[in-house]
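Have a look at the structure below before the remarks.
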Amino acid sequence: MSFFNVFTYTNLQCALYRINYLSLLPSEEFHIEESSFHERVLIQYTRGYDNELKFFFGKYGTLLKDNWAVFVKLIERYKSLQTKKNEMGVSEIYITCKQLSTSPGTGFLLELIDQLRTTAIPAEGIKISEVQIGLENQIRGVIQLNVGEKEGTFDKWFEGLVLGEAKLDLAQYKVCVFDTHDAEMITDVFDKELRNIVENDQWEAVGKDHFIERVQFFTSRRLQVQACLPAFPCKSSNIMKVATNVPDKGEELALRRLINVCKVVKKIYPPGMKVWIVSDGHVFSDCIGVNDEVVDNYGIQLRKLYESITDGDHISFCSLPQLFTSNLHAFEDNYTKDVILSHHLDTNIDPQSETCRKILMSGCSTDPSILRSLIDNSDPAKLSLYRGFAKFMQEDLAFHPVTMRSSRKACKKIASKVAFEMIKAPYSNLVGLLMPYYLRLSIHAHDNSGPKFGIKLLSHDNCKTVRSLELDDMGASEDLLHIPTPWHNCVVQLMDYNCYYVTKSQIISNALKEGDYIGGWFKANKKGGHFNVTPLPKDSHKGVESILATNTGTDALDLNIEQSDSKPARMPLVYGIFAPPNFRIDQVTEVLKMLIMVKKRHENIKIEMIILDTNTPSHVGGPSLHSLDDCPNLDVFIVPGVRRAQELTRDQLDKVAEICKKTDHVLGIETGTLVLAESGALAGKPARCQSSTNSVSKYPNVHWDYSSVGDWKTDGHYWTSSSSVGTKASFVMFIEKMYPKGDAANVGSRLETTKEANELHM
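Going by the numbering used here, the first residue of the sequence shown is number 1324, and it counts up by one from there.
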């Protein structure tokens, strides 16, 4: 294929891709008659009463700084002619292009206005608005394009909101430190502890210097460093990605990570650092299929979670309604009466949240026609962002009731519309206006050139992102649009692994259903909920068949157990497995494999997990989980060993003993016998144990069997073993004793031929 053909084919693919998505968007959604306040803003600033420029921010901030004397003369000249304040208490100075042309040194402004003038922004000059807030020793100002009669009442209200609510109070403090040492150290902390690295990362080239400059705003004034993070919106509505709609272990780990970074900063810079989480949950909750009340509850629970893990002042929370609430008293509904928001999914809409969304879109949205033009003309950044969001939303909304009853094309259309709404970036624009000098942190994969810097909320050191629970296939699973976040995933802890894993809830549910793992979902006190699972070794069935065939370990047993030729009067149906932290899953594996086979023939057998948590956890797949306090009535209580038995308290051991008294049969597996001995349940009973003579000598009230005959012991109620062979042999005999004849032999044959029989829950 020639170069020309390759080039043509590649461009044809791109064109078809654009048409495929953009054709799904009705053209009227891109039509707009007026620009937003954000689009017209040129510069924000503060000045002293002596006209000293204290702070400036905006697309044309350098232009303001370099020509500040010109602006001062304009303010002095025209303020005396326009002393009237509007209803928001803002002094307004309108300067036309004609007036600018008669003012010295304003040629640069006239050129800029000509460049920015469009149909949506019919710029007639500039507007300078100023206000003095409370006891601040500075004047706040904003310079924007003057659009004449196109400026409405809403624009004046929103302008007043930005001038009054913008976090500009710290700009009034004088610079007292002139070196960059503190700023550089804090930047190094960010680089090491938080920064996300992407392909073609621009941190070293330009981003690091930008970050240092932003940090130095605070360190030069010896102020607490302030950072803002638009994040923690709400849990995804996709039940295949998350396990709940409230904060869980993922949010806990993320909060702890941010807290830790703030603590590290405070050690090297005493004023410290604070992160403002400005939740964007209400911005697009109607687009992603989440009810407003669910967003509110998520925010409430997130604050409670934070308060439960620290009493420090490291993080503050703010939501969209909170940004606007203090100014809503002056807001009138007719300001946005003509604003119609598209709701692509059925959600419960809260009136106040809807009003805030209208304010946001009216004041900070990007002109859709401009976005459409950028995408049509293959602007790399916007086209990539749009494609990424469209693909992401197709996945995220896959199991929403509306999309599940819609055609594939309709689902794609919804996803493309939602994606387009998102790339208008109104919330990002609002944060820029209200928090102009804050460090801009983001959970998106920016190139770190600034002003936004991507961060990893979940540390790879203790929380790895994976696409599978298979230990040989735990490859990283990170997309190019979103850095893995708690609200699009869930957290799982694998027993015996000193790390958490982040993945989709469906992966865990499938692993539990297939019987490769045991465990479930639980929530500990003051900690986020998460999956806790234990892998069952795939080759754990090896050797069971030989035990059943040869009766290894049973011929020399001194027992008087009659073998039943028919169904016993009462078969054990409810099994409980004691599973405290660090229990020996390797000791109980063989018993579980055989029990699963018996369960295949007697489907009413239930397997419960008994854990230490004081709260009964909720159940999401796998065996039911119960605490020692709410243990159900059991027929068989299986107690494996614990790696650190000393972690069991006296109260917990007493509860173990109480369960033993109420249970028909207790199986102490290998070192699990020591747990039973420690609890006092084996006092006066015969027993065997897989442990040294020194260990068992601590329990003289137990009748320990040290003979070389057999590897297990029973008195009919307690069954104890001293080896893996003894464990298998004793459970074979238990099956033969308690279940119809042939069940034990069937266990062996089914283990050999039916590998998929590993089902712990039905």
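Glycine included, every Cβ here is placed at the ideal spot set by N, Cα and C.
Values in this document were obtained by computation on a predicted structure and should not be read as measured data.
Residue i burial status per 10 Å Cβ neighbour count (16 or more: buried)
i: glycine 1899; result: buried
i: aspartate 1505; result: buried
i: aspartate 2066; result: buried
i: serine 1602; result: buried
i: glutamate 1415; result: buried
i: cysteine 1610; result: buried
i: glutamine 1912; result: Going by the sequence as given, residue 1912 is threonine instead of glutamine. Flag for threonine 1912 reads buried.
i: phenylalanine 1477; result: buried
i: glutamine 1438; result: exposed
i: histidine 1605; result: buried
i: threonine 1419; result: exposed
i: arginine 1363; result: buried
i: phenylalanine 1540; result: buried
i: alanine 1742; result: buried
i: cysteine 1499; result: exposed
i: lysine 1382; result: exposed
i: arginine 1400; result: exposed
i: histidine 1864; result: Interpretation of histidine 1864 is limited by its pLDDT of 34, a score under 50 that renders its predicted location unreliable; the figure taken from the coordinates is listed afterwards. Under this definition histidine 1864 is a buried residue.
i: isoleucine 1806; result: buried
i: leucine 1404; result: exposed
i: lysine 1407; result: exposed
i: phenylalanine 1555; result: buried
i: glutamate 1474; result: buried
i: valine 1588; result: buried
i: threonine 1385; result: exposed
Cα-Cα separation between residue i and residue j, rounded to whole angstroms
i: glutamine 1467; j: leucine 1646; result: 22 Å
i: isoleucine 1562; j: methionine 1727; result: 13 Å
i: phenylalanine 1901; j: histidine 1853; result: 19 Å
i: arginine 1544; j: lysine 1660; result: 44 Å
i: threonine 2076; j: glycine 1851; result: Model confidence at threonine 2076 stands at a pLDDT of 37, short of 50, so the residue's coordinates are unreliable and nothing is read from them.
i: glycine 1773; j: aspartate 1532; result: 9 Å
i: arginine 1907; j: tyrosine 1823; result: 19 Å
i: valine 1395; j: proline 1427; result: 12 Å
i: leucine 1817; j: isoleucine 1841; result: 10 Å
i: glutamate 1527; j: isoleucine 1961; result: 58 Å
i: isoleucine 1591; j: alanine 2010; result: 59 Å
i: proline 1809; j: aspartate 1571; result: 8 Å
i: arginine 1341; j: valine 1565; result: Because arginine 1341 sits at a pLDDT of 38, beneath the cut-off of 50, its placement in the model cannot be relied upon, and the following sentence gives the value as read from the coordinates. Between arginine 1341 and valine 1565, the C-alpha separation is close to 31 Å.
i: glutamate 1981; j: histidine 1949; result: 15 Å
i: cysteine 1687; j: histidine 1361; result: 5 Å
i: valine 1465; j: leucine 1643; result: 22 Å
i: asparagine 1614; j: lysine 1681; result: 17 Å
i: threonine 1510; j: asparagine 1583; result: 15 Å
i: glycine 1612; j: glutamate 2059; result: 55 Å
i: lysine 1890; j: methionine 2061; result: Low local confidence applies: a pLDDT of 48 at lysine 1890 is under 50, so the model's placement there is unreliable, and no value is given.
Supposed close pair residue i, residue j - CB separation, criterion 8 Å
i: threonine 1986; j: leucine 1957; result: 5 Å
i: valine 1897; j: isoleucine 1992; result: So it is not a contact: roughly 18 Å between Cβ atoms.
i: leucine 1764; j: cysteine 1551; result: 7 Å
i: isoleucine 1746; j: lysine 1705; result: 7 Å
i: aspartate 2034; j: valine 2048; result: 5 Å
i: glycine 1595; j: glutamine 1547; result: 5 Å
i: leucine 1581; j: valine 1598; result: 5 Å
i: valine 1618; j: cysteine 1557; result: 5 Å
i: serine 2045; j: cysteine 2012; result: 6 Å
i: histidine 1811; j: serine 1559; result: 5 Å
i: glutamate 1488; j: leucine 1757; result: 6 Å
i: arginine 1537; j: tyrosine 1760; result: 7 Å
i: isoleucine 1663; j: isoleucine 1638; result: Isoleucine 1663 to isoleucine 1638, Cβ: 36 Å. No contact.
Does the segment 1728-1745 come within contact of the segment 1520-1528, defined as at least 3 CB pairs closer than 8 Å? no
Contact between the segment 1490-1508 and the segment 1429-1444 (3+ Cβ pairs under 8 Å): no
Does the segment 1829-1847 come into contact with the segment 1928-1936, if we say contact requires no fewer than three beta-carbon pairs (one atom in each stretch) closer than 8 Å? yes
May I have a chain-ordered list of the alpha helix (DSSP H) segments no shorter than 4 residues that lie completely inside the segment 1615-1698? Listed in chain order, the alpha helix (DSSP H) elements of length 4 or more contained wholly in the segment 1615-1698 are 1615-1632, 1643-1648 and 1674-1687.
Is there contact here, the segment 1623-1640 with the segment 1571-1581, by at least three beta-carbon pairs under 8 Å? yes
For the pair the segment 1664-1672 and the segment 1746-1760, tell me if three or more CB-CB distances fall below 8 Å. no
Considering only residues of the segment 1714-1746, which uninterrupted alpha helix (DSSP H) runs meet the minimum length of 4 residues and lie entirely inside it, listed in chain order? 1724-1727 and 1731-1746
Three CB pairs or more closer than 8 Å across the segment 1488-1504 and the segment 1369-1386: yes
Run through the segment 1498-1554 for me and flag every whole beta strand (DSSP E) of 3 or more residues, listed as ranges in chain order. 1548-1552
Contiguous alpha helix (DSSP H) assignments of at least 4 residues, all confined to the segment 1804-1854: 1828-1836
Completely contained beta strand (DSSP E) runs for the segment 1974-2032, where each covers 3 or more residues: Entirely contained in the segment 1974-2032, the beta strand (DSSP E) runs reaching 3 residues are, in chain order, 1988-1991.
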